[in-house]
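The sequence shown: position 14 = 91 (the numbering used here), numbered continuously.
For reference, the structure discussed in these notes is given below.
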Amino acid sequence: MIEKYYQAAGKLSDLPLLLIRLILAYGFYNPAMMKLRDINSIADWFSSINIPFPLVNAYLAAGTEISGVVLLTLGLFTRIISIPLMVTMVVAIVTVHWGNGFEAGDNGFEIPLYYLILLFTLIVYGSGRISLDHILFRKNK
78 MIEKYYQAAG KLSDLPLLLI RLILAYGFYN PAMMKLRDIN SIADWFSSIN
128 IPFPLVNAYL AAGTEISGVV LLTLGLFTRI ISIPLMVTMV VAIVTVHWGN
178 GFEAGDNGFE IPLYYLILLF TLIVYGSGRI SLDHILFRKN K
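This is the structure:
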């Protein structure tokens, strides 16, 4: 009986990786679009929190996030895009959220930390079989 459970669960093993990718893509979408809609305001805000080269970094953050939305949704270059997204989350935690404590309701670092952990999971495990990475780059075609 337990073997049948493990066999059934094993067939679903790639579903959590798909869900992680889609949740992250959804989570990055609105911040990316907000940055792209008014990049100069974002650059001004970056300047006010002492981020160097604020306009360049605003474009880098927006570009990283929108690339992340597309690539995570497709499951393409998942491990690669997860690295700059993790850097973005570390910068967000250190520059914006850390001083507010942990709680998300207080604009704390809870949500960016969860994103960081989920992105690390994708670096370790990859995008799974339900992805373009698997279709295009699997070793046993």
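Think of the CB as a built atom: it goes at the ideal place given N, C-alpha and C, for glycine as much as any other residue.
Query, Result
"For the alpha helix (DSSP H) holding Trp122, just list the boundary residues, first then last.", "Ile116 to Ser125"
"Indicate the three-state DSSP secondary structure (helix, strand or coil) for Asn107 in the structure shown.", "helix"
"Could you tell me the alpha carbon to alpha carbon distance between Pro108 and Phe123, rounded to whole angstroms?", "14 Å"
"Nearest to Pro161 by CA position, among Leu132, Tyr192, Lys216 and Leu151, is which residue?", "Tyr192"
"Within a Cβ cutoff of 7 Å, which residues of the same chain sit near Thr141, ignoring the five residues on either side of it in sequence?", "Pro161, Leu162 and Thr165"
"Please state the DSSP three-state secondary structure of Glu187.", "helix"
"Give the secondary structure of Ile170 by DSSP, where H, G and I count as helix, E and B as strand, and everything else as coil.", "helix"
"When burial is assigned at 16 or more other CB atoms within 10 Å of the CB, is Gly87 buried or exposed?", "exposed"
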